[in-house]
Structure formats: C-alpha cells, structure tokens
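Residue numbers (the numbering used here): 5 to 522.
Even glycine gets a Cβ: it sits at the ideal position worked out from N, Cα and C.
Now the structure itself:
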C-alpha cells in the first residue's frame, strides 16, 4: 500500500521477497521518516541501508533463487548511486562504498543449500553496464575492492554447492567462521577474485571438487595446512596463476584423479614430496610456467603428462630422470630402463620375461644373448607378455610416436641404439638389432618348396610385435640400417634371387617386444 506523508514522499511498507521486483531501488531513506522508503531524489536525505533492508525486506530465503532475488536488490541499490539509468551515465555520489561495510547478516540463509555463482562478477567491471570500468572506477587491479559485505554470520551449514560463488568479484568479505562442512563443490569459488581472507579453520572434509578454486591471479594469504582434502577428486587448475606459497605438505591427495594445471604459472614452491599421487590420471600442464622446483623423486607419474614441466624451473635432464625411472617387473624381478617420447613412457629395453607356458626363445637359444637383446616371442603369447601396468603398443600408438619423432629427426636414426651403425638414440629408446626366429620358405621355379626354421637378422634388423593380433601386425626397424621403420603383417619379405622366391611366414615367427606404459 502506498502512503503519502506530509513531506510529500511516496512510501511502501513491509516489502517481502515477492514484492522487490516492483521496488524503485533508487529511493533512499528520509531522515524525517526513517522507517519508510523515500522517493526523494536528494542524496543528502541520509541513506541508512540496514534500515531499508531490515524493515522492508525481512529476508528469509528458502533456496538459491530467493536468496539471489534478495541480493539483486542489494546490488541494484548500490548501482543506483553510481549510475543514472535515464541518462545512461555514471554519476557523482557522496557515498563511498569502498569505505563502508554493508551488513547482510540479517538475511537468514540457513535453509539454502545451493550458493553457486551467488556473488559471481560483483563489481568486476565486465559485469557492470557493459563498461570496462565498474561504476566509472578503475578496477583493473584485484586490490581495487568496490565494497565490503558483512556476511560473516551467515549460517551456511546446510550448503553443499559453492561453485564460483565469488568468482570474479571485487568484494571484501570475512568468511573465517563459516561452517562449510557439508559443501561438496568449491569449483572456481574464488577464481579471479579479490578475496584474501582467512580460511584456515574451514572444514573441507566433504569437498570433492576444488578445480580452479583459487585460480587466475588470486592472492592466497590464508594458511591451508590443516585442511582435510581426503575426499577431493579434482584439483585441476586449483592454484593456476595464483600468488600462493603456503604449507600444504601434509595434504592427503590420495583420492585425487585430476591435477591438470594445478600450479601452472603460480608462485608456489613448497614441499609436496610426500604426496601420494598414485591415483592421479592427469598431470598435464601441472607445473607449466610455475616457480616450483621441488623434490618429486618418490612420485608415481600419471599417464597424461603433456606439458607437465613446459617452461618450468626443471631442466630437460631433470624431467627425463623424474619421468623415466627404472621399472621392476614384479613377475621375475627383472629391472628395465624406461624412456619418455611425447607423453608416453616406453621400455628402453627388449622384454626378457619368460612365460611359464612357453612361447619365447633366446636368440640361437643362447641364454647369454637375453641380457642385451631380450627374448623373442610367438604371436600367441605376445599380447599377454607385458607386465602389469604395461601393454603391447597398437598401430595407432606407434604411428603417434613416429609422427612426433619424425617432426624433428629421422625416425630410425632417433630410435636405434648408438652402437647400431652410429645412430643417435635421441630419446634413449635404445633399439637393438635383435633379429627374429621363424619359418623361412623358398619356392623354386619348379614350385618346389622348402621350409626352414631358423634364427636370422641379428645385428641387422629389429622386429617388434604390435597388439593387432588378428592381422599379425608388427613393425621392423633398421633394415640395411638406413630404412625408415615399417609396419607390416603376414606377407613376403624378399623377392627373386637365384631363380627363387623366398619369404618369412610372419604369423609363425618369433619377434621382440617393447612394452608401453598404460
């Protein structure tokens, strides 16, 4: 109901959440009648924000949508003192929101469970009226906080989702006493914001997603050493681009699956040497461009390590040493050197494992040749020969390796051992000319066929099985020590010599094996 007082002001009484959409938010509070909304255009009539909100809004939102409606009122109320919607211009105001604190503790949020995106981009500049400078002020710096909100007393004990809650905002808020024990999602909660508050006593034991939580330039000043992050699965980009160097050495990250870009371009250089990262699947870009140069010697590295150390403080030699650790086959105790090509880890030696059911041979049946050349394997046992965590490479995986190496080097020269015709062995793959064993067939002009089972080509060629069993695919390297590596399957090898045709029946041959890490 509208009342007209003696002073001529139009007023509305006892507004509730449903009514605020009709509220002229540019009205202030009249000093003559402080309990009613004033239609006065003068900025000197005394603005008391708490009174208008407490007496006229009486906010008790039951969900995120209702709470956002209340906060939209707050936002528009502040906007109205900086911007004239009629002239589409910024205006000069005597109110300095940077020096005042707007108390929103009267809003009862105890029933709200979702606070995602609640204060996202508040007063960031990009958000305000399509102008780069929020309210005409320079907010290029995250230190340029537009105003302070007092929400320190909010009861958030039932909230489960705080994704992007303060993302991009230019607010000063005290959240130190919040009970966030039920929150599961804190993805991008403070990303690109001006937040610098104390979170040291937060109970984050139920949080599962911290992806990008402090990313994009956030200055993290709070101690986080006591955080229980044991349920977190995603820490990707958590501190990406941030100013952060607090102690997190004792964090339990044993359930984290994704650390992609976690510290990229950040100032972090703390101790994380004892972290259990055995479940992490993705470490790509993790330390890219960062200040980190700590001890990772006990880490087990993920399968995806693309650009993990690109432009980092780690030298190429250090990266190679970290990622290419010796591997011990649990089945027989054999220890293998490894090498990294692209983002994949390969064995740098031929497999030496001897299957219990047969199907493998030492070249010329000489046990002493196994140490250097490994064993030769039949097609039947090849696919199951690699140790746990490793597998026989597919044609696709091999071609990816060839393509990567071939961009810079001659592939054969880059993969062959240095003592094999003075090759380069750029990656430490150390391919050796281990030869083959199998059916060697000769057919004369009279169609007389002879078949021999022989060992052949040691010192000349290397033959390796691929995983495509049905097609009997394999690849060979160093034919005549100069040819490019080839992928082949059952067919002829050699043609027309002394009036004869000769070939190997590859499906019955025994070749070497090079395993690739899962």
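Determine which residues share a DSSP beta bridge with residue 460 and list them. 440
Residue 200 and residue 162 look like a contact to me (Cβ under 8 Å); what is the Cβ gap, rounded to whole Å? Actually they are not in contact, since the Cβ atoms of residue 200 and residue 162 sit about 27 Å apart, beyond 8 Å.
Can you list, in chain order, the residues of its chain with a C-beta nearer than 6 Å to that of residue 17? Leave out the 5 residues immediately preceding and following it. Interpretation of residue 17 is limited by its pLDDT of 34, a score under 50 that renders its predicted location unreliable; the figure taken from the coordinates is listed afterwards. Hits under 6 Å: none found.
Which complete beta strand (DSSP E) runs does the region 168 to 253 hold, if anything under 3 residues is left out? 175 to 177
Let me make sure I understand the geometry here. Which of 196, 197, 226, 189 has the alpha-carbon closest to that of residue 209? 189
Please report how far the alpha carbon of residue 336 lies from the alpha carbon of residue 360, in whole angstroms. 11 Å
For the candidate residues 520, 252, 313, whose alpha-carbon lies nearest to that of residue 274? 252
Does the Cβ-Cβ distance between residue 128 and residue 174 come in under 8 Å? yes
Simplified DSSP state of residue 364, which is helix, strand or coil: strand
Chain-order list of residues whose beta-carbon lies under 6 Å from that of residue 266 (same chain, five-residue window excluded): 239, 242, 290
Looking only at its chain, what residues have a beta carbon closer than 6 Å to the beta carbon of residue 429, apart from the 5 residues adjacent to it on each side? 421, 422
List the residues that DSSP assigns as beta-bridge partners of residue 469. 478
Pick from 417, 431, 320, 444: whose alpha carbon is nearest that of residue 437? 417
Alpha carbon of residue 344 to alpha carbon of residue 324, nearest angstrom: 7 Å
Using 10 angstroms around the beta-carbon of residue 342, count the other beta-carbons present and answer buried if the total reaches 16, otherwise exposed. buried
If you check the beta carbons only, do residue 204 and residue 226 fall under 8 Å apart? yes
Going by CA-CA distance only, name the one from 185, 184, 260 that's closest to residue 215. 260
With a 10 Å radius around its C-beta and 16 neighbouring C-beta atoms as the bar for buried, classify residue 466 as buried or exposed. buried
Specify the secondary structure class of residue 76 as computed by DSSP and reduced to three states. helix
Terminal residues of the continuous beta strand (DSSP E) containing residue 381? 380 to 382
Name the DSSP bridge partner or partners of residue 394? 521
Could you check which residue in 382, 406, 356, 385 has the C-alpha nearest to that of residue 372? 356
Is residue 514 helix, strand or coil by DSSP? strand
For residue 68, does the three-state DSSP call read helix, strand or coil? helix
Helix or strand or just coil, what does DSSP make of residue 257? coil
Report buried or exposed for residue 456, applying the criterion of at least 16 other Cβ atoms within 10 angstroms of its Cβ. exposed
Rank 378, 365, 347, 475 by C-alpha distance to the C-alpha of residue 399 and give the top, closest one. 475
Can you name the residues that DSSP bridges to residue 345? 348
Please look up how many angstroms separate the CB atoms of residue 478 and residue 515, rounded, as I've assumed it's under 8 Å. 6 Å
Rounded to the nearest angstrom, what separates residue 513 and residue 461 at their Cα positions? 13 Å
Does the structure place the region 399 to 413 close enough to the region 374 to 383 that three or more beta carbon pairs sit under 8 Å? no
Distance check for residue 270 and residue 391, CA to CA, integer angstroms please. 38 Å
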